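This report concerns only the one structure given below.
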Amino acid sequence: MKIFKFFVTKIFLRKILVTISVFALLVMSSYVVFTAAISVFSTVEGKQELDRINRSRCYVANLDPESNVDIDDGLEPLAQEVYEYLNANFDYAFYVDGFVVDVPNSSGMEVTLGYMNENYSQLNPFSLASGEPLTFEHNNVGSDVMPVLVGKGLSDEHPLGSTFNIYDPTLERDITVKVQGILETNAAHSNFYAPNSKNYFNFSIIVPVNKDFIDESNLDLKVNGLFDLIFLDTDKDELADLGAYIQNKLNMKLNFYSQEENNGYFNEYFVSALKNIVMIAMVMFLVLVVVSVWTSLVGLRLMIKDFTLNLLVGLSYARLRKVFYSYYSLLFSGNLVVLFLVAACSRYGAWQRKDSTFATYGIGGLISMDWFSLLTVLLFNIVTAVVIVEITMWRIKRVPISVGVLQ
Amino acid sequence: MPKNYVDAFAHKSIMRGKDRAELLISYLLCFSLITLSLYSQTIEIKQHILREYIKSFTDHYVFLSLVATLVVMIFHYQVLSKTKIEIRCRVLVGDILSRIKIRYVAECFGILAAAYLIHTYLGYFLGVKIGTGLYLIGVFGAYILITGRLVKA
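Chain order of the listed sequences is D and P.
First residue of the first sequence: 678, per our numbering; consecutive thereafter.
First residue of the second sequence: 19, per our numbering; consecutive thereafter.
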């Protein structure tokens, strides 16, 4: 310990420029690895969820980018007819979210509503921290209490079993809801066409919908619900008829993609992109490691007299190696702290902006994906340390002690 | 005669071939950060996560290239440390300190000019706007002049 302190204060820190440069290069190489790891982990997590939805004989609807959508109130009876046709001919999973509702909470976050039907809850269920899954037999007419799931952020003010009133923006009236279940912390859904991007449900309320609910709801829910419908156990011909029907009634073009088409899309846009990201990250990491090694060797050239003097008076090579490893461990710890702060700031940013779709809970503000990425960075740092220290030791051993001392 | 001058210059310089190569590579590293960042902004990337990933670096290319100049600073620092004794000996055998300084500064500027030409040519070849990276020349020029002043026996 004493030797280590002596080396750090009397030798390494004397050449502060070298220390700062090596630290800056380490931070840059770690940041490259960190951001690549986050991209990979978040896409893989999202893909795992989407594989549950993207099954054989399931088709996912998608609004054609060139289709105009006129939300005109006159369309409401036509939209209703579309749903009658759907109910008669298809088994579909319905999910829409993003509707804002006024539910005061201690974090001051905007609360959003998510609407899902029974098929969707079986296809892509929410994990619950406590309570029961939703039931879908409620009757909206009258003063029936509707079971809902609430996110972690709302569970303190609205615990399991409590009831409260909300103004539902799609039914355009007040409803009484009862908390049937609490979503697990950081429950999330990924965007189907961007599995790396997630919406978190810590400040959301999930409302069960059934046929009656959709019938009573306004045009907003009906039309938005169509854009992301998932059709279970059907084929292209039936969907072609549906597409023509919707085009006829609502003048909107919907496309329907099969499991194979969706997999093709993921492979083209995400698998190849991830491979490129990993490759670019590796190339940048290698370049930065080479530059770090060069900088460390330059530092060594400047400090060689101090090292060889110590070797002359009895410091063993093994002890010196330990000193180097401890020194680089210190640098890497500082590096991990910097990365931790960067990640924590970006997670905390969502809370500051009161952005409920990205607000997450976690140890130190970081979620599991962030911790895995930091672990990956740590592994790369260990590899970098080994490379730098072994090259440095090899270089020191090449210099005869007498030559080093006299320099 | 020109040949003799060049020979004389190279022989009397305090920088070795290895040092010149290291300096050239360091300059090119910093300039290439700019070229590659600007080039990646011109190519069309279909996949948005790849685009976002690359953008997270190339958006800050000015800051990154300035951090990379630390490498050049280290180079100058180590050349000065390394050649203290050599300069002392040269002064002892009759060379003039101011001439040593001028030779050093001129050589560094020469290598900087070569690096900038390579960067401009590469940029032109890749379709990047010419004239980017001039701020780096200012930074490197400042390093050369400051370290030139610090050359002492």
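C-beta: ideal position from N, C-alpha, C; glycine also.
These numbers were taken from a predicted model, which means no experiment stands behind them.
How far does the alpha helix (DSSP H) with P/F81 in it extend, from its first residue to its last? Y79 to K100
Opening and closing residue of the beta strand (DSSP E) in which D/I859 lies: R850 to L860
Beta-ladder partner(s) of D/F789, from DSSP: What sits at residue 789 of chain D in the sequence shown is Thr, not Phe. For D/T789, which the question treats as bridged, DSSP gives the partners D/V777 and D/S881.
Sort out for me which residues DSSP pairs D/F908 with in a bridge. D/Y736 and D/Y769
Using alpha carbons as the reference points, say which of D/W971, D/T720, D/A713 and D/V746 lies closest to P/K36. D/W971
Go ahead and pull the three-state DSSP assignment for D/S993. coil
What is the DSSP secondary structure of D/L1052, reduced to helix, strand or coil? helix
Does D/V710 come within less than 7 Å of chain P when only Cβ atoms are used? no
Taking P/A86 as the reference, which of P/R121, P/Y122, P/V109 and P/L41 has the closest Cα? P/L41
By Cβ distance, which residues of its chain are closer than 7 Å to D/M786, with the 5 residues on each side in sequence left out? G830, F880, K1031, S1033 and A1036
Closer than 7 Å at the beta carbon, the chain D residues around P/Q59: Within 7 Å Cβ-Cβ: nothing; P/Q59 doesn't reach chain D, min ~15 Å.
7 Å Cβ cutoff met for D/L702 and D/S973: no
From the DSSP output, read off the bridge partner residues of D/N868. D/A871
CB D/F684 to CB D/V1000, shorter than 7 Å? yes
Using the three-state DSSP reduction, which class does D/I1040 fall into: helix, strand or coil? strand
CB contact below 7 Å: P/V157 versus chain D: no
Against D/L694, what residues of chain P qualify as contacts under a CB-to-CB distance less than 8 Å, listed in chain order? L88, M91, I92 and Y95
Between D/E834 and D/A770, what straight-line distance do the alpha-carbon atoms span, to the nearest angstrom? 31 Å
For P/G112, which option in P/R38, P/R69 and P/A171 has the closest C-alpha, if you only look at C-alpha atoms? P/A171
Within 7 Å of chain P by C-beta, residues of the stretch 1037–1064 of chain D in sequence order: none
Residues of chain D with a CB under 7 Å from the CB of P/S74: which are they? T712
contact_flag[the stretch 698–713 of chain D, the stretch 756–775 of chain D] where n(CB pairs < 8 Å) is 3 or more: no
From the DSSP output, read off the bridge partner residues of D/I843. D/I852
Ignoring anything shorter than 4 residues, give me the alpha helix (DSSP H) runs that lie fully in the stretch 792–818 of chain D, in order along the chain. 795–800
Please state whether the Cβ-Cβ distance between D/Q799 and D/P824 is less than 7 Å. no
Nearest chain P C-beta to D/I954 closer than 7 Å, yes or no? yes
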